[in-house]
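Below is one structure; the comments refer to it alone.
Residue numbers (our numbering), protein chains in the order written: chain A, 19 to 371; chain B, 119 to 626.
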C-alpha cells in the first residue's frame, strides 16, 4: 500500500525536484530563504503563496475526480466568492472593521457551500453528467458575480481582509497556512473516516457500490460541496491579495490548472484511487513552471509551449506504457524482461504486493 | 496423430508474479484437428498458460513453437498474427457496434480508401452461415443478442481471420443446454476443418463430451497429458485436486435433514405474493423460513436473477407485496434491503460485486462500512480481526488482506464477496450463481458453508444453473419458467429429472 502510493507520486516528485534544481542553477539564490521583519522570504515561499489557490481548488477537484466526476465551475465560484465578500464590505457601515471582514468571509464560504449543494444536486439527484452539470455554473457563475459587482471592479480597503491573501502569521504567509489547514482537514476527513474508501469505491465501480449499500448520492454530494468550499476560500485569497473583486478575471482558467494538478499528481481522470499528496505536488509543479519561465528568461510568446512540454513529459513518465518503452530503449530489447504486472496496466492498476 | 508436428508446442514454461510461481516447468502440446481441454482448479495456472500463449504475459523461461516456428510473444497482436485466436469467458467484443462491424473490425474490405459496406455485409453473411448463424442479421447491434450468440460471433471473428488455433476460455459458463449444444456443433465443425481448439471449462460433463485430449495442471505444475477416453471422471478430479476422494464424498453427501424454521412454527422471514415488475418477472409467491434454503431452478434467462434483484431492492417491484417477518415492506434500494438484514451476492462478480482496485480488506468490510455510514469508520483493529477471521474460515488465498482483489482468482474473489455479506450477519442471504466459474475445491467449501449457515438459522435463497447443486442444498425448490414462478417443489427424493419435467411441463 505504502509502496504503491510512493510509486504513484514518485515521478511528479522527481519532476518537481528537477524543476527546482534547474532554477537553482540559473539563479543560485533560488532555494535560499531569508528572514526580514519577522517574515520569511524566498522564491519557494513565493511559489507556495502564489500556488495556494490552485492547490486548494485541486484538493477539492481530486475528490470530485475520484468519484468519476469533474468540477468545471470552480473558477466561477472563485469569482462569486470574491464578489460577494467585497460587495458586502463596501456596502457595510464600517468597511474597515475586522468584524466586517469576518462576516464577509462567512458570506463567501456560505455562498460557496450553496453553490456546491447545487452542483451536487444536479449530479447526484438529477443525474446530469458532471461535465454538463458544472458547465452550467461555470457559465452562469460569472454572470452572477457580475450582477453582484454591478459589472465593476470593487476595491476594498480592509486590513483584516487583506491579511487573508497578503498577511503573515508565525513568519509564514497566511494563505499558505490556510492551504495547509485545508489539506490536513481533507486528509483527516477522508482517511480517518471511511469517506476516502467509499469515494474510491463509488469511483471504481458505481454499480457494485450501490449493491453493497453505499449511499452514493450522499458521497457525491459531499465531494461537490467540498470542492466548491475550497474554491470559495481560494476566491477569498485571490480577491484579498489584490483587495478587489474582479468578476471577469478572478480565477479565470483556474479549473484547468486544478485538473492538470490532479492528473500530474497521479490521480486518474477515470476515477477511483486518488492521492491528495500527489495533487499538492502537481499543483507545485504548475506553479514552479510559471516561476521557471521568468527565471530562465523565456520569452512570453513561448511560455505556454514550454509549460505544455513539461506537462506532457510528466504525464508520459507516469504512463506505464511510456515507461516500459523507455526501459526497453535503455536496456535494449530483452525478451522475457516484461513481467505480467508491469504490462499495459494503468498506474492505478499497479499490483500491490 | 502423434507423428504430426503439434500446431502449438510449449516446453518448460515458467511465469512468476511477485511472490508467486504461477507456472513452473509446464509442457503443453496442441494438435491440428483436436479439441484439447486444459483442466485444473482455480489458481492451477490455466489462465496464466493461456495468457502466455496469447501474448498477454511474457514467459520467464521456456519455449513456444507455433506451426514449427519458435515464437516470442510480447503482445496479443503478435500471437494473433501467428494464427492464435481467443474467445474469453466475458465476451470481449464491442456490444455497441453491429454484428458485421464486430466480425470484421479492423479488417473491413475497402474500396477506393473507404469501407466497402456491401462487402462487409456479404462477407459477414458467409461467415455466419458457416457457423449455422444464418438467422442473425449482420446489421443488428451486438447487444441485441444473447451472450451465447455473442460468443458465437466472437468465434465467427476467428473463423474470418482463418485462425489455426482457437482458444475457448470458459465459453459455456453462461449458456443454457441448447446454447451449449449449438456451440459444440460449431466447435466440432471447426475441429473437422483442422482447427486446433483449446477448451477450458469447469463443467466436467462438457469436457468429456467435447474433448479428445486433456492436460491437467495443479498449482502451476504439469500433472499430465491424457486421452480423454482413457481417463475416468474420478481419476481426473483426483488429479486436479491432488488428493483422494474425501472432498468429493462430502460433495455428494445429501443434507437430508429437516430444518428447524418451518418445523418449529416460526413465521417466515420473507413472504412475497404476486410480486413482480413490468417487463421483468411476475407472479412470484415465495416464502422463506429461518434456517431454510430455498432454491430457484429454471433455465438461464428464465427470470431467476430478476427475482433476486426484486427481493434485494436492486430493482423496484411495481406489483404484488413483500413481507419481512410479517410486516409489509417496500424495498426502494439495496440499502433498504440491507437495513432489513438481507444480503445479495450477484452472479456478475466483476460488474456487480468487486471493487477491483481496492484491497481484499476494503472489499470485505465494504457492506458493513456502508451501513455504518462514512463517518463511523470501522476501527482498523476490528477490520483486521474480521478479515483475518474470514480469510481463515473461508480459506481465502493469498491470505493477504492488502492484495488488490482484482488479482485474486475467481473462487477467492467469490469467497471475499461472500464474506462481505457474512460480516453483516444477514438474516436472508441471496446467492446468485455463487459457484459459477470456480473450481471444485472452492465449490465444495461454498456448498458446505451454505449448509452451515442454514443450520445456524440463516435463510438462504440459492440460485444456480446446476440443478444437481440446487437439489443437494435446497429444502424447497421454486421453479421459474418464462419470467414467472410456475411451481414449488418440496425437496424429498426429488431427482433432476423430476425438476426438469416440471420446467418442461410449465412450457405448455
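Where a beta carbon is used, it is the ideal one built from N, C-alpha and C, also for glycine.
What is the residue span of the alpha helix (DSSP H) that residue 59/A lies within?
Not the alpha helix (DSSP H): residue 59/A falls in the beta strand (DSSP E), residues 57-59.
Taking the alpha-carbon of residue 129/B as reference, which of 183/B, 123/B, 570/B and 610/B has the nearest alpha-carbon?
The closest CA to that of residue 129/B, considering only 183/B, 123/B, 570/B and 610/B, is found on 183/B.
Check whether the Cβ of residue 217/A sits closer than 7 Å to any heavy atom of the ligand ADP, and report yes or no.
By its list of ligands, the structure shown contains no ligand whatsoever, and the ligand ADP lies outside what it can speak to.
Considering only C-alpha positions, which residue in the set 316/A, 99/A and 280/A is nearest to residue 263/A?
Out of 316/A, 99/A and 280/A, 99/A has the C-alpha closest to the C-alpha of residue 263/A.
Pair every Cβ in the stretch 522-531 of chain B with every Cβ in the stretch 468-477 of chain B, then say whether three or more of these pairs are closer than 8 Å.
yes
Whole-angstrom Cβ separation of residue 544/B and residue 477/B, contact assumed at under 8 Å?
For residue 544/B against residue 477/B, the beta-carbon gap comes to about 23 Å, at or over 8 Å, which does not count as contact.
Strictly under 8 Å for the Cβ-Cβ distance: is residue 273/A near chain B by that measure?
By the rule that beta-carbons nearer than 8 Å mark a contact, residue 273/A does not touch chain B.
DSSP three-state assignment for residue 271/A, whether helix, strand or coil
DSSP places residue 271/A in coil when its eight states are reduced to three.
Of the residues that make up the stretch 330-343 of chain A, which ones have a beta carbon closer than 9 Å to any beta carbon in chain B?
none
Output needed in chain order: residues of the stretch 184-196 of chain B with a Cβ under 8 Å from some Cβ in chain A.
190 and 192
Hey, would you say residue 270/B sits closer than 8 Å to residue 284/B, going by beta carbons?
no
Own chain, CB closer than 8 Å to residue 96/A, minus 5 neighbours either side, in chain order
71, 75, 249, 250, 252, 253, 256, 268, 269 and 272
Would you list the residues sitting across from residue 187/A in a DSSP beta bridge?
DSSP, once it has assigned bridges, lists 190/A as partnering residue 187/A.
Rounded to whole angstroms, what's the CA-CA distance from residue 50/A to residue 174/A? Just pull it up for me.
34 Å
In chain A, which residues lie with their C-beta within 7 Å of the C-beta of residue 519/B?
None at all; the shortest Cβ gap to chain A is about 10 Å.
What does the alpha-carbon distance come out to for the pair residue 372/B and residue 591/B?
Bear in mind that the predicted position of residue 372/B carries a pLDDT of just 48, short of 50, making it unreliable; the figure below should be weighed with that in mind. Roughly 8 Å separates the two Cα atoms.
Alpha-carbon to alpha-carbon, residue 145/A and residue 130/A:
21 Å
Can you check whether the C-beta of residue 452/B is within less than 8 Å of a C-beta belonging to chain A?
yes
Exposed or buried, residue 222/A, counting other C-beta atoms within 10 Å across all chains shown (16 or more means buried)?
buried
For a test of the three-state rule: what should DSSP assign to residue 366/B, helix, strand or coil?
In this predicted model, residue 366/B has a pLDDT of only 49, less than 50, meaning its place in the structure is not dependable; the value taken from the coordinates is given anyway. Helix.
What is the DSSP secondary structure of residue 561/B, counted as helix, strand or coil?
The answer is helix: DSSP assigns residue 561/B an H, G or I state.
Cut-off 6 Å between Cβ atoms - residues of its own chain near residue 222/B, not counting five sequence neighbours on either side
238
Terminal residues of the beta strand (DSSP E) in which residue 576/B lies:
It is not in any beta strand (DSSP E) - residue 576/B carries neither H nor E in the DSSP assignment.
Beta-carbon neighbours of residue 538/B, restricted to chain A and to distances below 9 Å:
230
Selected residue, minimal CA-CA separation from residue 506/B, among 348/B, 534/B and 297/B
The shortest C-alpha separation from residue 506/B is found at 534/B.
Under 7 Å between beta-carbons, which chain A residues line up against residue 556/B? List them in chain order, please.
Chain A residues near residue 556/B: none, gap ~18 Å exceeds 7 Å.
In the DSSP assignment, what residue or residues form a beta bridge with residue 445/B?
BP columns for residue 445/B point to 442/B.
List, in chain order, every chain B residue whose beta-carbon is nearer than 7 Å to that of residue 290/A.
475
Spell out a yes or no on whether the stretch 149-164 of chain B and the stretch 555-573 of chain B are touching, meaning 3 or more CB-CB pairs, one atom from each, closer than 8 Å.
yes
Give the secondary structure of residue 150/B by DSSP, where H, G and I count as helix, E and B as strand, and everything else as coil.
coil
Any C-beta of chain A sitting closer than 8 Å to the C-beta of residue 527/B?
no
Taking Cβ positions only, does residue 219/A come closer than 8 Å to chain B?
yes
Would a C-beta distance cut-off of 8 Å place residue 73/A and residue 103/A closer than the cut-off?
no
Could you check how far apart the C-beta atoms of residue 201/A and residue 278/A are, in whole angstroms? I think they sit under 8 Å.
Actually they are not in contact, since the Cβ atoms of residue 201/A and residue 278/A sit about 18 Å apart, beyond 8 Å.
Just the C-alpha distance for residue 243/B and residue 218/B, rounded to the nearest angstrom, thanks.
So the alpha carbons of these two residues sit roughly 8 Å apart.
How would you list, in chain order, the residues of chain A whose beta-carbon sits under 8 Å from the beta-carbon of residue 163/B?
Within chain A, no residue comes near residue 163/B; the closest Cβ sits about 12 Å away, beyond 8 Å.
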